[in-house]
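Asks:
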Amino acid sequence: MSPSPSITVRAHAKRARVACIACQQKKQKCDGLAPSCGNCVKGSRTCIIEDPSTKRQYPRGYVEALEERVARLEASLSVEDGDFDSIDHDFNRPHKHTQQPQEVPVSIVASIDANAQDSLQNDSANNNGESLNELSEGPSVLDLLCLRAAGGEPHYFGSSSAFSFTKLFTARLRGAQVRGPGMTLGGVSNSFVQSRPRAVPAPMPGREVARILTSSYFDNVHPQYPFLHRPTYTEYEDAVMTACENGLTPDPLKAFFVFIVTAVGALAVPFAGAPLPESLYTAAEDLFEHVLQLNSLETIQALLCCAMYSLRSPIGVSIWTLSGLAVRQCVELGLHRDIPWSKVESNTLKTEVRRRVFWCSYNLDRACAVTLGRPVSITDEDIDVALFLDIDDENITPTGFLTQARTSNLETATVVSSALHTIRLRRIWARMQRTIYRETHSVAPHRNSSSTQKFKDELRAWMDAAPEQLVQGCAANNAFGSPEWYKLMYHHSILLLHRRRLVVRQRSSHDQSRWAAPECDDASVYLDCASSSQAICELYRTLYLSQRLNDTWGALHVLFLAGLTYVHCLWNSPETRNTIRRDIVSSTCTSCMIVLAVMSERWDAVAPYRDTFEALSNATQAMLVDLETASCMPSGPVLSSLQADQVSNYFAGMADIGMCSSVEQLLMDMITVEY
């Protein structure tokens with residue numbers, strides 16, 4: 038539909054011609070023609086320019102194309118009783134000045150939905166509906182539209198789908214980066230983070246430095262979250278290094294992954310120092326928008342890479358935000374469904390990477406949701422895709438597998454064996470969350486001892502089935518996948534199993550304004566929780582002193598929950614106080630304090646956790662001494678009014694990082710309830 042004659046489309050002001058980056062690097066005269074200068078046309082490369090004010094890089098001519106598109110849309114909207122079908126058609130029609138880059142796949146102007154619709158029509162015409170009929174055996178044809186755009190990823194469209202979420206959340210992600218990551222939506226908002234200047238983007242590291250940092254990433258992070266394919270990443274890295282060595286601008290997608298992987302790897306390298314990972318992360322951040330706009334499998338991998346950085350750094354985007362976005366993008370691409378991808382394309386590598394990306398997103402989402410006591414981003418009932426295979430990266434190729442996948446604990450563990458076993462634990466957590474307690478219900482938590490015992494048996498079986506630890510490379514020095522790590526996760530799961538039973542109280546029939554005794558009156562529950570809390574504190578101390586464990590926000594939550602539960606059990610259970618020796622109590626509290634103190638030296642946001650536990654620990658040990666000298670029950674609140682006021686002031690910072698409601702109630706009881 039043409040604009041009304043009464044509507045005048047504003048003319049574009051002339052812009053000064055800017056030399057493209059390639060011409061600047063090669064010191065050639067740039068004619069400034071759009072959509073590509075003469076030199077770039079001759080060199081068959083994308084013409085990329087840099088905005089002198091914002092330093093952002095983009096294909097030449099895309100701003101003009103966007104302005105013309107906005108003008109057409111405004112003209113269409115101004116027509117009385119406008120035809121919105123024509124608006125949609127006009128919006129989806131490719132613009133004559135829009136160039137699809139070859140090296141920089143930034144689809145700023147092209148509509149994903151339009152490409153998808155064109156692809157669907159072409160596929161239907163070419164295949165006479167055969168592909169859709171074959172796919173109808175799984176998800177509904179109306180819901181699953183495997184739409185092949187040029188270089189695009191198949192998308193899953195449900196009844197309420199609209200448009201790609203990545204464009205909606207680009208600003209949200211950029212805004213979140215001025216705060217520390219933590220686990221929550223907002224992140225840490227202390228003065229240290231807000232006043233910290235943005236690091237200067239680092240140049241691309243040389244091959245030797247990149248090799249060291251890449252090895253650090255794949256030794257320390259990849260075994261736990263194997264959403265990247267190492268041989269593919271190695272190809273990316275080699276292409277980027279070659280381009281930089283030849284004075285060329287590397288592909289922004291490949292450059293992003295090299296920057297972010299080396300940034301995460303630098304966090305685990307002792308000699309790296311703080312400026313290096315932050316500078317590498319800032320360089321990756323500048324390329325992040327390019328990757329987001331792809332709306333593809335690589336987009337989710339990029340989100341997960343950023344989450345890996347945020348897990349280990351005081352600077353970054355909220356982990357809760359990133360994990361949620363990753364899962365939702367997985368749903369958009371249909372990665373949660375058991376789709377016969379071989380009917381769409383025959384690429385074994387891509388099929389396996391899809392599964393890895395989804396289950397790693399699931400893993401991170403479940404860890405955040407259970408830690409914070411929040412709903413999950415996708416329920417297990419909506420998932421029917423199989424787990425990825427237990428096979429090393431180098432044995433997966435586009436045409437097939439070079440060896441058989443591992444299927445038994447009698448076989449040697451692969452690099453992904455521990456990750457698969459961790460995902461099985463997260464699925465147990467999800468069932469625990471649905472069965473044992475639900476935050477939205479006002480009724481008492483599930484007290485069926487048979488269900489609790491069933492989960493305890495499942496957890497014990499899970500730990501007994503743990504694969505052996507990898508021994509090649511530096512994996513032996515990594516805590517993840519070690520016997521100590523599996524013990525940590527087992528004992529943490531025991532605390533998750535019982536944590537609401539420790540704090541949910543029923544109203545007294547005599548006084549509705551006060552809480553009655555804890556509903557959990559079984560001494561064995563207190564003893565189980567105290568024993569698991571003690572094991573967690575001692576294991577963390579051992580791993581930290583042996584330098585086998587790096588700081589993560591998840592570790593902070595696990596450790597603080599253990600320390601808090603430990604002192605809570607000592608205050609509430611006479612059986613626990615009579616069973617545990619005083620020297621063991623002192624050793625356990627000291628172990629927790631040491632690790633919190635070490636973490637607070639690196640991350641300022643940990644200080645409230647450290648100071649809160651120190652106050653609770655001192656009060657608990659003083660209570661035990663009083664009980665030895667005077668045979669009486671504990672009385673009064675755990676903390677004095679002055680100490681309670683100080684701890685209350687810490688709540689804001691702790692809440693910014695993220696705190697489960699049951700943990701918050703547990704802490705409040707320690708401060709306010711009289712025993």
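Okay, so the sequence shown: first residue is 38 according to this note's numbering, each after it adds one. Built from N, CA and C at the ideal position, the CB exists for glycine as well.
Whose CA, out of E495, Y270 and S454, lies closest to the CA of L534?
Replies: Along the sequence shown, read from residue 1 onward, the residue named residue 534 stands at position 497. For L534, the nearest C-alpha among the options comes from E495.
Asks: Using DSSP's beta-bridge definition, name the partner residues of I85.
Replies: Stepping through the sequence shown from its first residue, residue 85 is reached at position 48. I85 pairs with P96.
Asks: Quick check: the Cα distance between A659 and G371, rounded to an integer number of angstroms?
Replies: Mapped onto the sequence shown, residue 659 falls at position 622. Mapped onto the sequence shown, residue 371 falls at position 334. Cα to Cα, the separation comes out at about 57 Å.
Asks: Do L533 and the ligand NAP come close, with the Cβ less than 8 Å from some heavy atom?
Replies: Looking for the ligand NAP in the displayed structure turns up nothing, as the structure carries no ligands at all.
Asks: Quick one: what's got a C-beta closer than 8 Å to S610's C-beta in the same chain, skipping five residues either side?
Replies: In the sequence shown, residue 610 corresponds to position 573, counting from 1. Excluding sequence neighbours, S610 sits near A560, Y563, L564 and A567.
Asks: Looking at C-beta atoms only, is the number of pairs between the region 616-634 and the region 645-662 that lie closer than 8 Å three or more?
Replies: Counting Cβ pairs under 8 Å, three or more are found: they touch.
Asks: Mind checking S333: buried by the 16 CB within 10 Å criterion, or exposed?
Replies: As a working note, residue 333 is residue 296 in the sequence shown. Per the 10 Å Cβ criterion, buried.
Asks: Use the C-beta contact count for T613: other C-beta atoms within 10 angstroms, 16 or more gives buried, fewer gives exposed.
Replies: To locate residue 613, count along the sequence shown from 1; it is residue 576. T613 is buried by the Cβ-count criterion.
Asks: Leaving out the 5 sequence neighbours to the left and right, which residues in its chain are closer than 7 Å to C281 when beta-carbon positions are compared?
Replies: Counted from its first residue, the sequence shown places residue 281 at position 244. So the qualifying residues of the chain are M241 and P287.
Asks: Please name the residue in P645, Y262, C60 and Y346 whose C-alpha comes closest to that of T459.
Replies: Within the sequence shown, the letter at position 422 stands for residue 459. When only C-alpha atoms are compared, the closest one is Y262.
Asks: Do F425 and R393 have their CB atoms nearer than 9 Å?
Replies: Position 388 of the sequence shown, counted from the start, is the residue given in the question as residue 425. Position 356 of the sequence shown, counted from the start, is the residue given in the question as residue 393. A contact, by the Cβ cut-off of 9 Å.
Asks: Could you round the C-beta distance between F293 and A321 to whole angstroms and report it? I think they count as a contact, below 8 Å.
Replies: As a working note, residue 293 is residue 256 in the sequence shown. As a working note, residue 321 is residue 284 in the sequence shown. Correct: roughly 5 Å between the Cβ atoms.
Asks: Restricting to Cα atoms, I'd like to know which of E431, A502, S350 and K79 is closest to V306.
Replies: Counted from its first residue, the sequence shown places residue 306 at position 269. Here the closest residue by C-alpha is S350.
Asks: Less than 9 Å between the beta carbons of A599 and Y581, yes or no?
Replies: Mapped onto the sequence shown, residue 599 falls at position 562. Mapped onto the sequence shown, residue 581 falls at position 544. No, the Cβ-Cβ distance between A599 and Y581 is not below 9 Å.
Asks: DSSP has T657 in a bridge; who is on the other side?
Replies: Walking along the sequence shown from the start, residue 657 turns up at place 620. For T657, which the question treats as bridged, DSSP gives no partner whatsoever.
Asks: Do S570 and T616 count as a contact pair if the criterion is CB distance below 9 Å?
Replies: Your numbering for residue 616 matches position 579 in the sequence shown. Your numbering for residue 570 matches position 533 in the sequence shown. Not a contact, by the Cβ cut-off of 9 Å.
Asks: If you pair each beta-carbon of the region 395-407 with each one of the region 348-365, do three or more pairs fall below 8 Å?
Replies: Contact holds: three or more Cβ-Cβ distances are below 8 Å.
Asks: For a test of the three-state rule: what should DSSP assign to T444, helix, strand or coil?
Replies: Within the sequence shown, the letter at position 407 stands for residue 444. Of the three classes helix, strand and coil, the one that applies to T444 here is coil, per DSSP.
Asks: For the alpha helix (DSSP H) containing P287, list its first residue and its last residue.
Replies: In the sequence shown, residue 287 corresponds to position 250, counting from 1. First-last for P287: undefined, no H or E at that position.
Asks: Thinking C-beta only, is S316 closer than 9 Å to S360?
Replies: In the sequence shown, counting from the first residue as 1, residue 360 sits at position 323. In the sequence shown, counting from the first residue as 1, residue 316 sits at position 279. Their beta carbons are not under 9 Å apart, which means S360 does not touch S316 by this criterion.
Asks: Can you give the beta carbon distance from Y270 to A300, rounded, assuming they're within the 8 Å contact cut?
Replies: The sequence position of residue 270 within the sequence shown is 233, counting from 1. The sequence position of residue 300 within the sequence shown is 263, counting from 1. Contact doesn't hold; Cβ gap of about 14 Å is too wide.
Asks: From what residue to what residue does the alpha helix (DSSP H) around G361 run?
Replies: Within the sequence shown, residue 361 is the residue found at index 324, counting from 1. Unbroken alpha helix (DSSP H) run through G361: I356 to E369.
Asks: Based on the DSSP secondary-structure assignment, which residues constitute the bridge partners of F438?
Replies: Your numbering for residue 438 matches position 401 in the sequence shown. Answer is I433, bridged to F438.
Asks: To the nearest angstrom, how far is it from the Cα of P520 to the Cα of Y527?
Replies: What you label residue 520 is simply residue 483 of the sequence shown in a count that begins at 1. What you label residue 527 is simply residue 490 of the sequence shown in a count that begins at 1. Those two C-alpha atoms are separated by around 11 Å.
Asks: How long is the line joining the alpha carbons of R497 and K524, rounded to whole angstroms?
Replies: Here residue 497 refers to the residue found at position 460 of the sequence shown. Here residue 524 refers to the residue found at position 487 of the sequence shown. Spanning the two alpha carbons is a distance of roughly 10 Å.
Asks: Going by other Cβ atoms of all chains shown within 10 Å of its Cβ, with 16 needed for buried, is K291 buried or exposed?
Replies: Translated into the one-based positions of the sequence shown, residue 291 becomes position 254. By the 10 Å Cβ count, K291 comes out buried.
Asks: Report all residues from its chain with a CB closer than 7 Å to the CB of T207; omit the five preceding and five following residues, and keep chain order.
Replies: Stepping through the sequence shown from its first residue, residue 207 is reached at position 170. A caution first: T207 carries a pLDDT of 48, below 50, which makes its placement in the model unreliable, though a value can still be read off. These residues qualify, in order along the chain: E326 and L329.
Asks: Check the C-beta distance from L596 over to V632 and give it rounded, since I have them as a contact under 8 Å.
Replies: Taking the sequence shown and counting its residues from 1, the one referred to as residue 596 is at position 559. Taking the sequence shown and counting its residues from 1, the one referred to as residue 632 is at position 595. L596 to V632, Cβ: 6 Å. Contact.
Asks: Start and end of the alpha helix (DSSP H) containing I337?
Replies: Within the sequence shown, numbered from 1, the residue matching residue 337 stands at position 300. L334 to R349 is the extent of the alpha helix (DSSP H) around I337.
Asks: Using the rule of at least 16 other Cβ atoms within 10 Å of the residue's Cβ for burial, across every protein chain shown, is D421 buried or exposed?
Replies: Numbered from its first residue, the sequence shown carries residue 421 at position 384. Exposed, since its Cβ has fewer than 16 Cβ neighbours within 10 Å.
Asks: Buried or exposed: where does T451 fall if 16 or more other Cβ atoms within 10 Å of its Cβ makes it buried?
Replies: For the purposes of this step, residue 451 is taken as residue 414 along the sequence shown, with counting starting at 1. So T451 counts as buried.
Asks: List, from N- to C-terminal side, the alpha helix (DSSP H) runs of 4 residues or more that fit wholly inside the region 565-650.
Replies: Taking only runs of at least 4 residues, the alpha helix (DSSP H) segments lying wholly in the region 565-650 are 590-609, 611-616 and 619-639.
Asks: Between which two residues does the alpha helix (DSSP H) containing M278 stretch?
Replies: The count along the sequence shown starts at 1 and reaches residue 278 at position 241. Unbroken alpha helix (DSSP H) run through M278: R267 to E282.
Asks: Looking at the structure shown, is L250 part of a helix, part of a strand, or coil, going by DSSP?
Replies: The count along the sequence shown starts at 1 and reaches residue 250 at position 213. Of the three classes helix, strand and coil, the one that applies to L250 here is helix, per DSSP.
Asks: Could you give the residue range of the alpha helix (DSSP H) that holds T408?
Replies: Looking up residue 408 in the sequence shown gives position 371. Run containing T408: T385 to L409, per the alpha helix (DSSP H) assignment.
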